[in-house]
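Peer 1: One structure follows; several queries about it will come next.
Chains as they are written, first to last, in this note's numbering: chain A, 1 to 240; chain B, 1 to 217.
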């Protein structure tokens with residue numbers, strides 16, 4: 001009998017996640033070997049890997065909350081799979097909602113109809129392919145184009161890359177200000193962001209002026225965690 | 001293109017195609033096993049509700065993040081997901097610490113290494129989270145911690161902003177001011193922030209081009 005937490009579903013999800021884990025390990029090992037060939041020190045690489053691991057902890061825990069949210073409706077295996085690979089909650093939730101509303105069912109209770117579940121799983125899967133398809137089939141071409149651009153004018157190539165990053169950061173910064181017209185509560189994300197920036201500046205000062213070199217690798221994750229922690233008393237105080 | 005880069009592209013393509021097959025395997029095998037095929041009408045309607053927006057976002061993300069994350073990093077992060085809120089910032093941080101520029105051979109390997117480790121750690125944490133769900137759910141969902149998780153993006157981008165403003169404030173000022181005004185005037189855009197990433201990028205490239213031509217940067 002079908003139910004949303006059927007062992008077969010766990011098995012299928014585990015299979016796909018194991019594949020993706022294998023791919024991650026493969027690329028990590030290859031990049032590590034290449035970095036060693038290029039003369040990067042083991043110490044630097046170890047510190048990069050430690051920093052990346054620590055950096056990932058808080059966002060990964062936030063993803064678990066996404067799994068919990070979705071699991072009430074479609075069980076654990078599907079959200080576990082979807083949020084371990086490809087997806088982000090910003091996509092998976094609307095996809096599940098879109099499928100549920102097409103089926104005319106509410107998302108407040110656990111699903112019991114296998115065909116409705118299959119419909120949702122298919123929508124979540126097929127709706128998320130475009131980025132991966134483009135990267136798989138066209139990335140090489142894109143990289144060639146980028147190399148030509150850089151070969152023509154190296155300085156402009158570097159500025160171009162910086163501009164791409166700044167474009168991304170500025171869009172998210174703008175979003176953080178989107179609720180300020182709703183009153184003081186709407187400023188909470190702004191204060192959290194400013195606090196994170198301040199921490200980053202302090203860490204930067206400690207790294208460059210006080211020569212605390214090891215801190216450099218952790219400046220970003222610590223700023224993020226610090227600002228997240230800061231948001232708790234801040235929200236309590238403002239009354240979010 | 002170096003031998004390593006050529007190999008990365010080959011591995012990336014093969015693993016990308018395999019990933020597409022694996023992702024489809026989940027709904028396909030469950031449909032076969034439970035003899036439960038989707039309701040076609042609802043499938044069509046459901047897809048219609050997501051494809052116009054999310055295919056556009058996917059294409060845009062591919063063209064924005066592809067150059068930033070390098071070949072290995074892109075192949076990996078488009079399979080493992082959570083790019084904006086995790087993989088891209090993680091790679092940026094690693095390249096900064098290693099003093100490797102994005103788009104260079106050094107940036108390429110560091111970005112791949114960071115994204116690889118981030119993917120492995122995330123997968124393990126999600127696995128642990130799932131196994132321990134009943135004991136950690138009350139903690140993670142407690143009202144006390146709720147603001148911390150609600151504010152993860154501001155906490156992340158506050159630090160990142162410092163990195164980029166300090167790198168090149170002349171490029172950063174224009175796009176940031178533009179986005180601030182845009183979102184304050186049109187708060188509803190917050191739900192479409194992914195679509196505004198390329199708008200910000202194009203704006204930033206435009207501003208940079210003008211400044212570059214005038215010799216300001």
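Glycine is no exception: its CB is placed at the ideal position from the N, C-alpha and C atoms.
Looking at the secondary structure, which residues open and close the alpha helix (DSSP H) in which residue 76 of chain A lies?
Peer 2: Position 76 of the first chain, counted from the start, is the residue given in the question as residue 76 of chain A. Going by DSSP, residue 76 of chain A is part of no alpha helix (DSSP H) at all; its letter is neither H nor E.
Peer 1: Taking only runs that begin and end inside the stretch 128–180 of chain B, name each unbroken alpha helix (DSSP H) of 4 or more residues, in chain order.
Peer 2: As far as the stretch 128–180 of chain B is concerned, its whole alpha helix (DSSP H) runs of at least 4 residues are 133–140, 146–150 and 152–167.
Peer 1: Assess, as a yes-or-no matter, whether the stretch 113–124 of chain B is touched by the stretch 86–100 of chain A under the definition of 3 or more beta carbon pairs within less than 8 Å.
Peer 2: As far as the Cβ criterion goes, the stretch 86–100 of chain A does not touch the stretch 113–124 of chain B, which means the pair count is below three.
Peer 1: Just to confirm before moving on: does the CB-CB distance between residue 135 of chain A and residue 54 of chain B stay below 7 Å?
Peer 2: Within the first chain, the letter at position 135 stands for residue 135 of chain A. Within the second chain, the letter at position 54 stands for residue 54 of chain B. Not in contact: residue 135 of chain A and residue 54 of chain B (Cβ atoms no closer than 7 Å).
Peer 1: Which stretch, first to last residue, makes up the alpha helix (DSSP H) that contains residue 3 of chain A?
Peer 2: Numbered from 1 along the first chain, position 3 holds the residue referred to as residue 3 of chain A. Element bounds for residue 3 of chain A: n/a, residue is neither H nor E.
Peer 1: Among B:147, B:191 and B:81, whose alpha-carbon lies nearest the alpha-carbon of residue 20 of chain A?
Peer 2: Residue numbering aside, residue 20 of chain A sits at position 20 when the first chain is read from its first letter. That would be B:81, whose Cα lies nearest to the Cα of residue 20 of chain A.
Peer 1: From A:35, A:107, A:45 and A:43, pick the residue whose C-alpha is nearest to that of residue 70 of chain A; which is it?
Peer 2: What you label residue 70 of chain A is simply residue 70 of the first chain in a count that begins at 1. Closest option to residue 70 of chain A, Cα to Cα, is A:107.
Peer 1: Which residues of chain B have a Cβ atom closer than 7 Å to the Cβ of residue 91 of chain A, listed in chain order?
Peer 2: Position 91 of the first chain holds residue 91 of chain A. Per Cβ cutoff of 7 Å: 54.
Peer 1: Anything in the stretch 162–180 of chain B with a Cβ closer than 8 Å to a Cβ of chain A? List those residues in chain order, please.
Peer 2: Residues are counted here when their Cβ sits less than 8 Å from a Cβ of chain A; for the stretch 162–180 of chain B these are 162, 163, 164, 166, 167, 168, 171, 172, 175, 176, 178, 179 and 180, given in chain order.
Peer 1: Check the Cβ of residue 215 of chain B against every Cβ in chain A and list those closer than 9 Å, keeping chain order.
Peer 2: Looking up residue 215 of chain B in the second chain gives position 215. Within 9 Å Cβ-Cβ: nothing; residue 215 of chain B doesn't reach chain A, min ~11 Å.
Peer 1: When you compare only the Cα positions, how much space is there between residue 46 of chain A and residue 52 of chain A?
Peer 2: Stepping through the first chain from its first residue, residue 46 of chain A is reached at position 46. Stepping through the first chain from its first residue, residue 52 of chain A is reached at position 52. Distance between the alpha carbons of residue 46 of chain A and residue 52 of chain A: 10 Å.
Peer 1: For residue 88 of chain A, does the three-state DSSP call read helix, strand or coil?
Peer 2: Along the first chain, one-based indexing puts residue 88 of chain A at 88. For residue 88 of chain A, the secondary structure class from DSSP, reduced to helix, strand or coil, is coil.
Peer 1: So, does the CB of residue 43 of chain B fall closer than 7 Å to a CB anywhere in chain A?
Peer 2: For the purposes of this step, residue 43 of chain B is taken as residue 43 along the second chain, with counting starting at 1. Interface residue, yes.
Peer 1: Do residue 58 of chain B and residue 142 of chain A count as a contact pair if the criterion is CB distance below 7 Å?
Peer 2: Taking the first chain and counting its residues from 1, the one referred to as residue 142 of chain A is at position 142. Taking the second chain and counting its residues from 1, the one referred to as residue 58 of chain B is at position 58. No, they are not a contact pair.
Peer 1: Given that residue 134 of chain B touches chain A, what residues does it touch there, using C-beta distances under 7 Å?
Peer 2: Here residue 134 of chain B corresponds to residue number 134 of the second chain, with the count starting at 1. Chain-ordered listing is empty here: chain A has no CB closer than 7 Å to the CB of residue 134 of chain B, the nearest sitting near 10 Å.
Peer 1: Specify, as a first and last residue, the run of the alpha helix (DSSP H) that residue 162 of chain A falls within.
Peer 2: In the first chain, counting from the first residue as 1, residue 162 of chain A sits at position 162. From DSSP, the alpha helix (DSSP H) with residue 162 of chain A extends over 154–176.
Peer 1: Just the Cα atoms here: how many angstroms apart are residue 224 of chain B and residue 81 of chain A?
Peer 2: This structure cannot speak to residue 224 of chain B, because chain B is shown only from 1 to 217.
Peer 1: With H, G and I counted as helix, E and B as strand and the rest as coil, what does DSSP make of residue 24 of chain B?
Peer 2: Your numbering for residue 24 of chain B matches position 24 in the second chain. Correct three-state label for residue 24 of chain B: helix.
Peer 1: Evaluate residue 122 of chain A with the Cβ neighbour count: other Cβ atoms within 10 Å of its Cβ, from every protein chain shown; 16 or more gives buried, anything less gives exposed.
Peer 2: In the first chain, counting from the first residue as 1, residue 122 of chain A sits at position 122. Buried: at least 16 other Cβ atoms inside 10 Å.
Peer 1: Please classify residue 39 of chain A as buried or exposed, where buried requires at least 16 other C-beta atoms within 10 Å of its C-beta.
Peer 2: In the first chain, counting from the first residue as 1, residue 39 of chain A sits at position 39. Per the 10 Å Cβ criterion, exposed.
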